[in-house]
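Just so we're aligned: 262 in numbering that gives the first Met the number 0 is position 263 of the sequence shown, and the numbers increase by one with no gaps anywhere. We put the beta carbon where it would ideally sit given N, CA and C, even for glycine. Right, one structure below, let's go through it.
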Amino acid sequence: MTRIDLGGLTAGPSQVWGGIRLVPLLRERPVEGLRLRRELYEDHTGLVRLDERHAYVSYVPHGFVADWSGTPGAAGTEERRQSAAYGTQMGTGTPVAVPVRGLHRPARKAGDGPARGRLRFLPLHLALEGYLALHFGGPSVVWDEWSRAAVRRGLSPREEQAYAGADVRGLAEALRIFEIHPDQCGVMVYAADALAAAFVVPHPDDYRALHPSLVQDLYGELVHQYAYYGAPVPEFTARIDDARGTVRTLADLRRAARAQEREWTAGHDTVMARELLETPYACERVQRKGRFGLYRFLPPFARDGLGQHIGEMITDHRGRTAYLKTFRLSDGQVRRGYLLRRLADTDWHLGHTAEAMGIGYGELVARIRRAGFGSLLNPHVVAQRSREAQGT
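Below you can see the structure in the form of structure tokens.
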């Protein structure tokens with residue numbers, strides 16, 4: 000378990016468009032030895048193969064390439080070639096009459112020769128694959144309460160829904176009018192002042208090239224609802240109280256304004272971004288090259304009322320974040336992750352799971368069904384055990 004380290008990044012004053020708040024993340028010095036660039040695709044629907052037996056269909060408008068080869072001009076360019084995809088929208092199936100593009104694993108090395116120092120990866124695909132694969136194999140012990148299909152196929156098929164950034168009210172307009180700072184290397188996106196996503200890159204040139212891609216990202220159901228129904232949020236304004244008459248020159252005014260900015264930054268990190276920065280995550284390393292490692296992470300699925308985020312990041316040997324992309328889970332997705340974790344902790348024994356959660360057997364069965372896992376249960380055995388539990 001580890002926390003996200005945004006050392007070297009400073010939150011600048013936010014900019015607001017309706018219910019969307021964008022907080023720029025500034026670096027005094029870019030991360031050396033790493034650059035990111037985008038690759039575009041004409042066909043936006045892809046079949047992503049995880050291995051010989053598992054694959055999923057996804058919306059794939061573009062891909063990301065991490066470059067640590069030191070090749071000049073590698074970042075900030077856009078090419079059309081077959082490689083890993085970036086940005087997905089999970090759905091119930093492949094749209095009719097839309098070409099399906101075959102893609103490799105969510106992260107793979109580019110090859111030999113000049114491309115040896117590059118890694119093509121599927122940013123949000125990595126995070127979603129980690130969440131969708133959470134105890135994907137199903138029951139670890141063949142208890143009578145579980146159906147034959149649950150034992151044979153596990154949680155397959157598994158699906159989750161999300162919204163493209165273009166469908167999040169006000170986001171496209173906010174990104175269009177957003178003022179990009181010279182040292183900006185990332186952004187925090189808020190909807191109705193709820194953290195929707197965090198995006199960090201190693202170099203300001205990378206951010207300027209990738210800033211428009213935020214509208215093609217995917218966002219959770221809760222973010223879509225907050226943006227649609229939420230009221231406009233207040234803008235950041237510097238309020239200087241000069242009751243003591245200390246502001247007499249332009250230099251005094253500049254110092255007072257900078258003090259207001261520092262106060263905003265401290266408040267943002269300790270209040271608004273607290274749920275992301277103070278949560279311990281379970282991380283899995285996907286690839287490593289030199290002093291950089293690509294990881295995906297899952298939250299603890301705690302039922303504490305705070306937002307829960309999945310995502311991926313590239314960190315250096317000191318653990319500092321060079322790249323970060325997050326996705327806020329909906330309440331239903333958090334409940335499903337929490338339920339799967341508790342079932343796995345007790346080897347999928349319903350009675351032991353109900354006891355560990357402090358609820359009755361019937362309530363646990365009801366939660367499993369509400370979570371969309373009812374097809375995994377053997378209805379006849381579960382009904383009999385429920386009657387027995389009520390009799391006792």
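(message) Among the candidates Pro-378, Gln-332, Ile-313 and Asp-143, whose CA atom is the shortest distance from the CA of Asp-66?
(response) Against the sequence shown, residue 66 aligns to sequence position 67. Relative to the Cα of Asp-66, the nearest Cα in the group Pro-378, Gln-332, Ile-313 and Asp-143 belongs to Ile-313.
(request) List in chain order: all unbroken alpha helix (DSSP H) runs of 4+ residues lying wholly within the region 121-194. (result) Entirely contained in the region 121-194, the alpha helix (DSSP H) runs reaching 4 residues are, in chain order, 122-131, 147-152 and 170-176.
(message) Between Pro-29 and Pro-203, how many whole angstroms is the CB-CB distance? I'm expecting something under 8 Å.
(response) To locate residue 29, count along the sequence shown from 1; it is residue 30. To locate residue 203, count along the sequence shown from 1; it is residue 204. That belief holds up - the Cβ atoms of Pro-29 and Pro-203 are roughly 6 Å apart, short of 8 Å.
(request) Out of Leu-276, Tyr-294 and Pro-201, state which residue places its alpha-carbon closest to the alpha-carbon of Glu-27. (result) Mapped onto the sequence shown, residue 27 falls at position 28. Selected option, being the one with the closest Cα: Pro-201.
(message) According to DSSP, Thr-264 sits in a beta bridge with which residue or residues?
(response) Within the sequence shown, numbered from 1, the residue matching residue 264 stands at position 265. Answer is none; Thr-264 lacks a bridge partner.
(request) Counting only runs of 3+ residues fully inside the region 222-308, write out the beta strand (DSSP E) ranges in chain order. (result) Scanning the region 222-308 for uninterrupted beta strand (DSSP E) segments of 3 residues or longer gives 281-288 and 291-297, listed from N- to C-terminal end.
(request) May I ask which residues mark the beginning and end of the beta strand (DSSP E) holding Ala-321? (result) Counting from one through the sequence shown, the residue named residue 321 turns up at place 322. Per DSSP, the continuous beta strand (DSSP E) segment holding Ala-321 begins and ends at 320-327.
(request) Assign Gly-318 to one of two classes, buried (16 or more other C-beta atoms within 10 Å of its C-beta) or exposed (fewer than that). (result) Here residue 318 refers to the residue found at position 319 when the sequence shown is read from its first residue. Under this definition Gly-318 is an exposed residue.
(message) Going by DSSP, what residue range makes up the alpha helix (DSSP H) through Ile-3?
(response) Start at 1 with the first residue of the sequence shown, and residue 3 comes out as number 4. Judged by DSSP secondary structure, Ile-3 falls outside any alpha helix (DSSP H); it is assigned neither H nor E.
(request) For Met-312, write down the residues that DSSP places opposite it in a beta bridge. (result) Position 313 of the sequence shown, counted from the start, is the residue given in the question as residue 312. Under DSSP, the beta-bridge partners assigned to Met-312 are Tyr-294 and Leu-323.
(request) Grab me the residues of Gly-18's own chain with a C-beta within less than 8 Å of its C-beta, minus the 5 sequence neighbours each way, in chain order. (result) Here residue 18 refers to the residue found at position 19 when the sequence shown is read from its first residue. Excluding positions up to five away in sequence, the list reads Arg-168, Gly-169, Ala-190, Ala-191, Tyr-225, Ala-226, Gly-229, Ala-230, Pro-231 and Val-232.
(request) Following the continuous alpha helix (DSSP H) through Leu-209, name the residue where it begins and the one where it ends. (result) Residue 209 sits at position 210 when you count from the first residue of the sequence shown. From DSSP, the alpha helix (DSSP H) with Leu-209 extends over 203-209.
(message) Just to check my reading of the structure: Phe-177 and Leu-328 have Cβ atoms closer than 8 Å, yes? What is that Cβ distance to the nearest angstrom?
(response) In the sequence shown, residue 177 corresponds to position 178, counting from 1. In the sequence shown, residue 328 corresponds to position 329, counting from 1. Phe-177 to Leu-328, Cβ: 25 Å. No contact.
(message) Out of Gly-11, Gly-7, Leu-118 and Gly-6, which one is the CA nearest neighbour of Gly-289?
(response) Walking along the sequence shown from the start, residue 289 turns up at place 290. With distances taken between Cα atoms, Gly-289 lies closest to Leu-118.
(request) Whole angstroms is fine: what's the gap from Ile-358's alpha carbon to Thr-269's? (result) By 1-based counting over the sequence shown, the position of residue 358 is 359. By 1-based counting over the sequence shown, the position of residue 269 is 270. Rounded to the nearest whole angstrom, the C-alpha separation of Ile-358 and Thr-269 is 35 Å.
(message) Please return the same chain residues whose Cβ sits closer than 8 Å to the Cβ of Ala-126, not counting the five positions on each side in sequence.
(response) Within the sequence shown, numbered from 1, the residue matching residue 126 stands at position 127. Answer for Ala-126: Arg-295, Phe-296, Ile-309, Gly-310, Glu-311, Lys-324, Thr-325 and Phe-326, listed in chain order.
(message) With a threshold of 7 Å on Cβ separation, who are the neighbours of Trp-16 within its own chain once the five nearest residues in sequence on each side are excluded?
(response) In the sequence shown, residue 16 corresponds to position 17, counting from 1. Counting only Cβ-Cβ distances below 7 Å, and skipping sequence neighbours, we find Gly-169, Glu-172, Ala-173 and Ile-176.
(message) Contact between the region 268-282 and the region 248-256 is defined here as three or more beta-carbon pairs at a separation below 8 Å; is this criterion met?
(response) By the criterion of at least three beta-carbon pairs nearer than 8 Å, the region 268-282 is not in contact with the region 248-256.
(message) Using the three-state DSSP reduction, which class does Glu-362 fall into: helix, strand or coil?
(response) Position 363 of the sequence shown, counting from 1, holds the residue named residue 362. Taken through DSSP and simplified to helix, strand or coil, Glu-362 comes out as helix.
(message) Considering Cα atoms alone, identify which of Gln-160, His-223, Asp-182 and Arg-157 is closest to Val-188.
(response) Counting from one through the sequence shown, the residue named residue 188 turns up at place 189. Of the candidates Gln-160, His-223, Asp-182 and Arg-157, the residue whose Cα lies closest to the Cα of Val-188 is His-223.
(request) For Glu-144, I'd like the list of residues in its chain whose CB is within less than 8 Å of its CB, leaving aside the five on either flank, ordered along the chain. (result) Along the sequence shown, one-based indexing puts residue 144 at 145. So the qualifying residues of the chain are Leu-349, Leu-376, Asn-377, Val-380, Val-381 and Arg-384.
(message) Taking contact to mean 3 or more Cβ pairs, one atom from each stretch, closer than 8 Å, check whether the region 134-152 and the region 193-200 are in contact.
(response) Touching, no.
(request) Please determine if the region 129-142 and the region 337-351 are in contact, where contact requires at least 3 C-beta pairs separated by less than 8 Å. (result) For the pair of segments examined, the region 129-142 was found to touch the region 337-351: the number of CB pairs separated by less than 8 Å reaches three.
(message) Could you check whether the Cβ of Ala-355 sits closer than 8 Å to any heavy atom belonging to the ligand GDP?
(response) Of the ligands one can find in the structure shown there are none, so the ligand GDP has no counterpart to examine.
(request) Would you mind working out which of Arg-368, Gly-371 and Asp-330 sits nearest Gly-304, comparing C-alpha positions? (result) Taking the sequence shown and counting its residues from 1, one reaches residue 304 at position 305. Nearest C-alpha to Gly-304: Asp-330.
(message) DSSP has Tyr-218 in a bridge; who is on the other side?
(response) On the sequence shown, residue 218 is found 219 positions in, with the first residue counted as 1. Paired residue(s): Tyr-162.
(request) Look up Gln-14 in the DSSP assignment and give the residues it is bridged to. (result) For the purposes of this step, residue 14 is identified with residue 15 of the sequence shown, where counting begins at 1. Gln-14 has Leu-21 as its beta-bridge partners, per DSSP.
(request) Go through its chain and collect everything with a Cβ distance to Leu-276's Cβ below 8 Å, but skip five positions before and after it. (result) Taking the sequence shown and counting its residues from 1, the one referred to as residue 276 is at position 277. The residues are Arg-2, Ile-3, Leu-5 and Asp-268.
(request) Along the alpha helix (DSSP H) that carries Ala-343, what are the first and last residues, could you check? (result) For the purposes of this step, residue 343 is taken as residue 344 along the sequence shown, with counting starting at 1. From DSSP, the alpha helix (DSSP H) with Ala-343 extends over 330-344.
(request) Count the other CB atoms, across all protein chains shown, that sit within 10 Å of the CB of Arg-36; report buried if there are 16 or more and exposed otherwise. (result) The sequence position of residue 36 within the sequence shown is 37, counting from 1. Classification for Arg-36: buried.
(message) Using only CA atoms, which one of His-316, Leu-221, Gly-361 and Arg-341 lies nearest to Arg-284?
(response) Translated into the one-based positions of the sequence shown, residue 284 becomes position 285. Here the closest residue by C-alpha is His-316.
(message) Please return the same chain residues whose Cβ sits closer than 7 Å to the Cβ of Ala-96, not counting the five positions on each side in sequence.
(response) For this step, residue 96 is matched to residue 97 along the sequence shown. Unreliable positioning characterises Ala-96 in this predicted model, as indicated by a pLDDT of 34, which lies under 50. A coordinate reading is not provided.
(message) Please classify Glu-234 as buried or exposed, where buried requires at least 16 neighbouring CB atoms within 10 angstroms.
(response) As a position in the sequence shown, residue 234 is number 235, starting the count at 1. By the 10 Å Cβ count, Glu-234 comes out exposed.
(message) Contact defined as beta carbons within less than 8 Å: I believe Leu-339 pairs with Leu-133. What is the distance between those atoms, to the nearest angstrom?
(response) Here residue 339 corresponds to residue number 340 of the sequence shown, with the count starting at 1. Here residue 133 corresponds to residue number 134 of the sequence shown, with the count starting at 1. Leu-339 to Leu-133, Cβ: 5 Å. Contact.
(request) For Gln-389, count neighbouring C-beta atoms within 10 Å of its own C-beta (all shown protein chains included) and say buried if the count is 16 or more, exposed if not. (result) What you label residue 389 is simply residue 390 of the sequence shown in a count that begins at 1. By the 10 Å Cβ count, Gln-389 comes out exposed.
(request) Answer yes or no: do Leu-131 and Arg-157 have a C-beta to C-beta separation smaller than 9 Å? (result) Walking along the sequence shown from the start, residue 131 turns up at place 132. Walking along the sequence shown from the start, residue 157 turns up at place 158. In contact: Leu-131 and Arg-157 (Cβ atoms closer than 9 Å).
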